[in-house]
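In order, the protein sequences belong to chains X and Z.
Going by the working numbering, the residue at position 185 of the first sequence is 200; the numbering climbs one at a time, nothing skipped.
Going by the working numbering, the residue at position 280 of the second sequence is 295; the numbering climbs one at a time, nothing skipped.
Just so it is clear, CB atoms sit at the ideal spot from N, CA and C, and this is done for glycine as well.
Remarks on the structure that follows.
Number of protein chains: 2
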Amino acid sequence: MVDEIARPDDVRRQNRRLVLAALRGHDLLSRTDIVAQTGLSASTVSAITTALIAEGIVNESRDGDVTANRRGRPQVALTLNPEIATIATVELALNLAHTVLFDYKGQVIAQEIRRIPTLDASAGDLTRAICEMLDGLLAAMPGSAGRLMHISMGVQGVTDAASATMLWSPITPDINVAFGEILSARYGVSVAVANDCSMIAEALRWTDPEHYAEDFAAILLSHGIGMGLYLKGKPFLGVQSSGAEFGHMLHVPNGALCRCGRHGCIEAYASDYAILRRTAGEDEQAQPAQDVDAASFNAVADRARSRDGAERAAFRKAGQAIGSGLRSLFSLIDPVPIALVGPGAGVFDLIEADLREIVSGTTGWGGKPDLTIRCYPDEHPLILQGCMMTSLLHLDTQLFAPGDLREAPLRRAI
Amino acid sequence: MVDEIARPDDVRRQNRRLVLAALRGHDLLSRTDIVAQTGLSASTVSAITTALIAEGIVNESRDGDVTANRRGRPQVALTLNPEIATIATVELALNLAHTVLFDYKGQVIAQEIRRIPTLDASAGDLTRAICEMLDGLLAAMPGSAGRLMHISMGVQGVTDAASATMLWSPITPDINVAFGEILSARYGVSVAVANDCSMIAEALRWTDPEHYAEDFAAILLSHGIGMGLYLKGKPFLGVQSSGAEFGHMLHVPNGALCRCGRHGCIEAYASDYAILRRTAGEDEQAQPAQDVDAASFNAVADRARSRDGAERAAFRKAGQAIGSGLRSLFSLIDPVPIALVGPGAGVFDLIEADLREIVSGTTGWGGKPDLTIRCYPDEHPLILQGCMMTSLLHLDTQLFAPGDLREAPLRRAI
DNA sequence: CCTCTTTATTTCGAGGCTCGAAAAAAATAG
DNA sequence: CTATTTTTTTCGAGCCTCGAAATAAAGAGG
Numbered sequence: 016m017v018d019e020i021a022r023p024d025d026v027r028r029q030n031r032r033l034v035l036a037a038l039r040g041h042d043l044l045s046r047t048d049i050v051a052q053t054g055l056s057a058s059t060v061s062a063i064t065t066a067l068i069a070e071g072i073v074n075e076s077r078d079g080d081v082t083a084n085r086r087g088r089p090q091v092a093l094t095l096n097p098e099i100a101t102i103a104t105v106e107l108a109l110n111l112a113h114t115v116l117f118d119y120k121g122q123v124i125a126q127e128i129r130r131i132p133t134l135d136a137s138a139g140d141l142t143r144a145i146c147e148m149l150d151g152l153l154a155a156m157p158g159s160a161g162r163l164m165h166i167s168m169g170v171q172g173v174t175d176a177a178s179a180t181m182l183w184s185p186i187t188p189d190i191n192v193a194f195g196e197i198l199s200a201r202y203g204v205s206v207a208v209a210n211d212c213s214m215i216a217e218a219l220r221w222t223d224p225e226h227y228a229e230d231f232a233a234i235l236l237s238h239g240i241g242m243g244l245y246l247k248g249k250p251f252l253g254v255q256s257s258g259a260e261f262g263h264m265l266h267v268p269n270g271a272l273c274r275c276g277r278h279g280c281i282e283a284y285a286s287d288y289a290i291l292r293r294t295a296g297e298d299e300q301a302q303p304a305q306d307v308d309a310a311s312f313n314a315v316a317d318r319a320r321s322r323d324g325a326e327r328a329a330f331r332k333a334g335q336a337i338g339s340g341l342r343s344l345f346s347l348i349d350p351v352p353i354a355l356v357g358p359g360a361g362v363f364d365l366i367e368a369d370l371r372e373i374v375s376g377t378t379g380w381g382g383k384p385d386l387t388i389r390c391y392p393d394e395h396p397l398i399l400q401g402c403m404m405t406s407l408l409h410l411d412t413q414l415f416a417p418g419d420l421r422e423a424p425l426r427r428a429i
Numbered sequence: 016m017v018d019e020i021a022r023p024d025d026v027r028r029q030n031r032r033l034v035l036a037a038l039r040g041h042d043l044l045s046r047t048d049i050v051a052q053t054g055l056s057a058s059t060v061s062a063i064t065t066a067l068i069a070e071g072i073v074n075e076s077r078d079g080d081v082t083a084n085r086r087g088r089p090q091v092a093l094t095l096n097p098e099i100a101t102i103a104t105v106e107l108a109l110n111l112a113h114t115v116l117f118d119y120k121g122q123v124i125a126q127e128i129r130r131i132p133t134l135d136a137s138a139g140d141l142t143r144a145i146c147e148m149l150d151g152l153l154a155a156m157p158g159s160a161g162r163l164m165h166i167s168m169g170v171q172g173v174t175d176a177a178s179a180t181m182l183w184s185p186i187t188p189d190i191n192v193a194f195g196e197i198l199s200a201r202y203g204v205s206v207a208v209a210n211d212c213s214m215i216a217e218a219l220r221w222t223d224p225e226h227y228a229e230d231f232a233a234i235l236l237s238h239g240i241g242m243g244l245y246l247k248g249k250p251f252l253g254v255q256s257s258g259a260e261f262g263h264m265l266h267v268p269n270g271a272l273c274r275c276g277r278h279g280c281i282e283a284y285a286s287d288y289a290i291l292r293r294t295a296g297e298d299e300q301a302q303p304a305q306d307v308d309a310a311s312f313n314a315v316a317d318r319a320r321s322r323d324g325a326e327r328a329a330f331r332k333a334g335q336a337i338g339s340g341l342r343s344l345f346s347l348i349d350p351v352p353i354a355l356v357g358p359g360a361g362v363f364d365l366i367e368a369d370l371r372e373i374v375s376g377t378t379g380w381g382g383k384p385d386l387t388i389r390c391y392p393d394e395h396p397l398i399l400q401g402c403m404m405t406s407l408l409h410l411d412t413q414l415f416a417p418g419d420l421r422e423a424p425l426r427r428a429i
């Protein structure tokens, strides 16, 4: 039995999370608002907010919007205390590392973007660079080091959430890099490492909850092809790895050579290197390019738009590959809204028709056939925000253990 | 926020479930045993068991194994009270309906198997037959009608768990059959309708927990091809339909005609009708046979074993289709143990080599490559047991609301 | 300016729950 | 018949949520 035994304090923990979630979603809320949002009784909200204020997690903001000029005792607005904690995020992508410090309200404190030749970088090079960047940010912002409470990392590649390890990545030759362990030891906080696509899904859920609520998929079309999936309101994680490797579903048995070493993966037809390989007239078994610059990719796209030729055919192949993957995905989980993210979303016009044709009629027995797709050509802001939300939600779930918080900020290591 | 607000009684509900789950797994347990198994304190177990006994859900079984001849106060064995509830299961398959009455301990009370020409049966014909069978069983066992508390139905086809509806099925022309609503109205109990493959997965989890615990897939190879999936110890359900339609993942774009009306589904290569179609030298766009009898399928299998020809080639194609689906599935969820169930499992020797070849190296980045597959040629006992466990676990989750039970058995309708 | 009304928040008691410690039960050992 | 051992129940402490009543803090109105 996986089932855990329930204790009375679990109830408080869960309801505290509800209160914090409400506050995170709306910034300024009176206790009455919280009652309305959560469904908890006024007495319970009072008890919980009193404790949160005493622990410094929440502040009363008297100057805030006082719903003024109404009769009766005025509501007093509550807000998360931005200074109670600092979190750090790390985005690691091809030739790029981006670290940011956020406060507990999710506001940027400091950041650094650094270009790194990741393809030639060892695991040590990468961790060294990341630590340098983080050290610099923490040093520049006095007090932030002492308040650092969590780090979230989104990486291009396959990760293992449980051990916070990057198992494999196209951006560096080294495998099984235990980023979590290393950063955790150095900064004395817990670390989450996940695929960048999971982070994108997390971000979409927060920035556009109307479209991305319970069930949806975010597909990153870039150097590689990945997916972040939400099902029943929960992130879908693989058994071991943290991401659903959409790009490595099988499109054509014994087909084109994929960067992962196998043949026929969707990625081998739909990623930027696959499109350029086909456009250049190379054999589909030719070794994939390690790095494709945006300029040449866009040039090919422009040529595809201007005339019907090898370029346009390559994009159509890509659309078919993605569509084929979606058809299989939808067979397994039923159709869900799709967010296309990254450079590939910028050329959606070139792949849409073929993609839709293959997907159409996904549910042969007559389920809703309409496929909704939205495009987000720039993946970086989403990855960043996803990392941030991951860390903050982690805090919201940890700060629960009442009384725990008082000690936590002192437990730093550096 | 999907999050529900927690109340103090939820704690008791959860812990009651733990106690019942322990009892369901071991039949005879003393309170001390339950303490050991659940981790609850002795006082809590005492409180919970006292209530369960008062409500008639659990019995003391003094005669039971008294761990005799030891010093100290003897343990008194507890056991589920078989008479507190009756449940009914319905398996609906091609030309077959099988209804069974079980007691609360999962022992068969009565059953009937009836051959029905389902292909020519309307929704009304089917429900009428099922109700007749259930009525007969309930009438034959005095008292059982008054104790009937749940019905579980496993059907070949696509189902919607939420509305307990069969959306589409290959065994009958009618669609959107609301079995749940109909049976629920007639018998006054709640009804679960799910794909037969989900039931198989549920059964495997209980009959062989050592091999099928947290993550595994049960694939039914029969007239159609379906899958029941467990991930992280929970049944995996689609967004709308209750099953993961493995058989309708895309194997070959614009490929062979599938019974679902689309082209290129795995099923169009690996189901019995697909194999016979190919063996007979028919075009792969030929209309699928509605019904394939076991004898001719086995004859083809025997011929495939005895000589290398069209038969063997057809099975190899089937193995490739299944392997291709597994490769894609494993990309999404990481490799899991597989149970092959049904007639197709009886010819595993003919498909294994091709299946494994395509799946091999599923995790390009070096995850555990070994693929474990076990075969269960007879699917019916598993479907039956899965239905039973579904109903019983439902009761274990409903009998929680303390005091609820006293009224429930009277709330019958018939 | 003082009282009335209205709305927000806190306080208080009832009724749950789990748990550890102590008490009670029910056997064997001698 | 008493001592010992083991199981089970009882009791009090310390959680939790909730509804009702009490308290706070405004505007409205004479």
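Under 7 Å between the Cβ atoms of Ala-232 of chain X and Ile-72 of chain X?
In the first sequence, the residue the question calls residue 232 of chain X occupies position 217. In the first sequence, the residue the question calls residue 72 of chain X occupies position 57. It is not a contact, given that the beta carbons lie outside the stated cut-off.
Cβ of Ser-256 of chain Z less than 7 Å from any chain X Cβ?
Position 241 of the second sequence, counting from 1, holds the residue named residue 256 of chain Z. Taking Cβ atoms only, chain X reaches closer than 7 Å to Ser-256 of chain Z, which makes this a yes.
Rounded C-beta distance between Thr-133 of chain Z and Leu-109 of chain Z? I'm assuming under 8 Å.
Looking up residue 133 of chain Z in the second sequence gives position 118. Looking up residue 109 of chain Z in the second sequence gives position 94. So it is a contact: roughly 6 Å between Cβ atoms.
What is the rounded straight-line gap between the Cα of Ser-286 of chain Z and the Cα of Gly-276 of chain Z?
Along the second sequence, read from residue 1 onward, the residue named residue 286 of chain Z stands at position 271. Along the second sequence, read from residue 1 onward, the residue named residue 276 of chain Z stands at position 261. Whole-angstrom Cα-Cα distance: 15 Å.
In whole angstroms, give me the CA-to-CA distance for Ile-281 of chain X and Gly-172 of chain Z.
The residue given as residue 281 of chain X occupies position 266 in the first sequence. The residue given as residue 172 of chain Z occupies position 157 in the second sequence. Each residue's Cα considered, the two are about 29 Å apart.
Cβ neighbour criterion (16 or more within 10 Å) applied to Ser-184 of chain Z
Here residue 184 of chain Z is taken as the residue at index 169 of the second sequence, counted from 1. Ser-184 of chain Z should be labelled buried.
Where do the ends of the alpha helix (DSSP H) carrying Leu-344 of chain X lie?
Walking along the first sequence from the start, residue 344 of chain X turns up at place 329. 325-348 is the extent of the alpha helix (DSSP H) around Leu-344 of chain X.
Three-state secondary structure (DSSP) at Tyr-288 of chain Z?
By one-based count along the second sequence, residue 288 of chain Z stands at place 273. Here Tyr-288 of chain Z sits in helix by DSSP.
Using a C-beta to C-beta distance shorter than 8 Å, which residues of chain Z count as neighbours of Thr-53 of chain X?
Taking the first residue of the first sequence as 1, we reach residue 53 of chain X at position 38. Those are Ile-20, listed as they occur along chain Z.
Ordered list of beta strand (DSSP E) runs contained in the segment 148-204 of chain X, each at least 3 residues:
163-170, 173-175, 180-183
Run through DSSP, which three-state label would Lys-383 of chain Z get?
As a working note, residue 383 of chain Z is residue 368 in the second sequence. Interpretation of Lys-383 of chain Z is limited by its pLDDT of 49, a score under 50 that renders its predicted location unreliable; the figure taken from the coordinates is listed afterwards. Lys-383 of chain Z falls in the coil class under three-state DSSP.
Residues in the same chain with beta-carbon distance under 7 Å from Ser-256 of chain Z, minus the five sequence neighbours each way, listed in chain order, please.
Counted from its first residue, the second sequence places residue 256 of chain Z at position 241. The residues are Val-173, Thr-174, Asp-175, Leu-182.
Identified DSSP bridge partners for Ile-240 of chain X
To locate residue 240 of chain X, count along the first sequence from 1; it is residue 225. According to DSSP, Ile-240 of chain X bridges with X:Leu-236.
Alpha helix (DSSP H) containing Gln-499 of chain Z: first to last residue?
Nothing in the structure corresponds to residue 499 of chain Z, since chain Z is present only between 16 and 429.
Smallest Cα separation from His-41 of chain Z: which of Z:Lys-120, Z:Glu-106, Z:Ala-57?
Position 26 of the second sequence, counted from the first residue, corresponds to residue 41 of chain Z. Ranking Z:Lys-120, Z:Glu-106, Z:Ala-57 by Cα distance to His-41 of chain Z puts Z:Lys-120 first.
Give a yes or no on whether 7 Å exceeds the smallest Cβ distance from Leu-410 of chain X to chain Z.
What you label residue 410 of chain X is simply residue 395 of the first sequence in a count that begins at 1. Leu-410 of chain X does not count as touching chain Z.
Pull up the DSSP beta-bridge partners for Val-356 of chain Z, would you.
For the purposes of this step, residue 356 of chain Z is taken as the residue at position 341 of the second sequence. BP columns for Val-356 of chain Z point to Z:Leu-235, Z:Tyr-391.
So which residues of chain Z does Asp-349 of chain X contact, with C-beta pairs closer than 8 Å?
For this step, residue 349 of chain X is matched to residue 334 along the first sequence. Here the neighbours are Gly-253, Val-254, Gln-255, Ser-256.
When we look at the beta-carbon of Glu-106 of chain Z and count the other beta-carbons within 10 Å, is it buried (16 or more) or exposed?
Taking the second sequence and counting its residues from 1, the one referred to as residue 106 of chain Z is at position 91. Buried.
Keeping to the same chain, check which residues put their C-beta closer than 6 Å to that of Val-206 of chain Z; ignore five residues upstream and five downstream.
Within the second sequence, the letter at position 191 stands for residue 206 of chain Z. Same-chain partners within the cutoff: Ile-166, Ala-179, Gly-195, Leu-198, Ser-199.
Helix, strand or coil, according to DSSP, for Cys-146 of chain X in the structure here?
Mapped onto the first sequence, residue 146 of chain X falls at position 131. DSSP places Cys-146 of chain X in helix when its eight states are reduced to three.
Residue nearest to Thr-114 of chain Z in terms of C-alpha spacing, selected from Z:Thr-412, Z:His-409, Z:Leu-399:
Position 99 of the second sequence, counting from 1, holds the residue named residue 114 of chain Z. Among Z:Thr-412, Z:His-409, Z:Leu-399, the Cα nearest to that of Thr-114 of chain Z belongs to Z:Leu-399.
Who are the near neighbours of Asn-30 of chain X in its chain, counting only those whose CB is closer than 7 Å to its CB and skipping five residues on each side?
Numbered from 1 along the first sequence, position 15 holds the residue referred to as residue 30 of chain X. Leu-55, Thr-59, Ile-63.
Could you tell me which residues DSSP puts in a beta bridge with Asp-118 of chain X?
On the first sequence, position 103 is the one that residue 118 of chain X refers to. X:Thr-101.
Residue span of the beta strand (DSSP E) that contains Thr-94 of chain X, given as start and end
Looking up residue 94 of chain X in the first sequence gives position 79. Thr-94 of chain X -> beta strand (DSSP E) spans 92-95.
Shorter than 7 Å from the beta carbon of His-263 of chain Z to some beta carbon of chain X?
Along the second sequence, one-based indexing puts residue 263 of chain Z at 248. By this cut-off, His-263 of chain Z is an interface position.
If you measure from the beta carbon of Asp-230 of chain X to each beta carbon in chain Z, is any gap under 7 Å?
On the first sequence, position 215 is the one that residue 230 of chain X refers to. Judged by the 7 Å Cβ criterion, Asp-230 of chain X is in contact with chain Z.
Thinking just about the alpha-carbon of each residue, which of X:Val-170, X:Asp-306, X:Phe-330 is nearest to the one in Asp-317 of chain X?
What you label residue 317 of chain X is simply residue 302 of the first sequence in a count that begins at 1. For Asp-317 of chain X, the nearest C-alpha among the options comes from X:Phe-330.
Taking 7 Å as the threshold (beta carbon to beta carbon), is Gln-29 of chain Z in contact with chain X?
Against the second sequence, residue 29 of chain Z aligns to sequence position 14. Yes - at least one Cβ of chain X is within 7 Å of the one on Gln-29 of chain Z.
What number of angstroms, rounded off, separates the C-alpha of Ala-309 of chain X from the C-alpha of Arg-327 of chain X?
Residue 309 of chain X sits at position 294 when you count from the first residue of the first sequence. Residue 327 of chain X sits at position 312 when you count from the first residue of the first sequence. Those two C-alpha atoms are separated by around 17 Å.
Contacts around Met-16 of chain Z, its chain only, beta-carbon distance under 7 Å, and the 5 residues preceding and following it disregarded
As a first step, residue 16 of chain Z must be located in the second sequence, where it is residue number 1. At Met-16 of chain Z the pLDDT is 47, less than 50, meaning the model places this residue with poor confidence; the figure from the coordinates comes in the next sentence. Nothing meets the Cβ criterion.
Rounded separation between Ala-57 of chain X and Ile-49 of chain X - CA only
Here residue 57 of chain X refers to the residue found at position 42 of the first sequence. Here residue 49 of chain X refers to the residue found at position 34 of the first sequence. Their Cα atoms are separated by approximately 9 Å.
Expressed to the nearest angstrom, what Euclidean distance is found between the alpha-carbon atoms of Ile-102 of chain X and Leu-291 of chain X?
Your numbering for residue 102 of chain X matches position 87 in the first sequence. Your numbering for residue 291 of chain X matches position 276 in the first sequence. Between Ile-102 of chain X and Leu-291 of chain X, the C-alpha separation is close to 39 Å.
At the level of alpha carbons, what is the spacing between Ile-68 of chain X and Arg-28 of chain X?
As a first step, residue 68 of chain X is located in the first sequence; it is residue number 53 there, counting from the start. As a first step, residue 28 of chain X is located in the first sequence; it is residue number 13 there, counting from the start. Their Cα atoms are separated by approximately 16 Å.
DSSP three-state call for Gln-413 of chain X: helix, strand or coil?
For this step, residue 413 of chain X is matched to residue 398 along the first sequence. Gln-413 of chain X: helix per DSSP, three-state reduction.
Going by the beta-carbon positions, is the gap between Met-242 of chain Z and Leu-410 of chain Z smaller than 7 Å?
As a position in the second sequence, residue 242 of chain Z is number 227, starting the count at 1. As a position in the second sequence, residue 410 of chain Z is number 395, starting the count at 1. Going by C-beta atoms, Met-242 of chain Z is not nearer than 7 Å to Leu-410 of chain Z.
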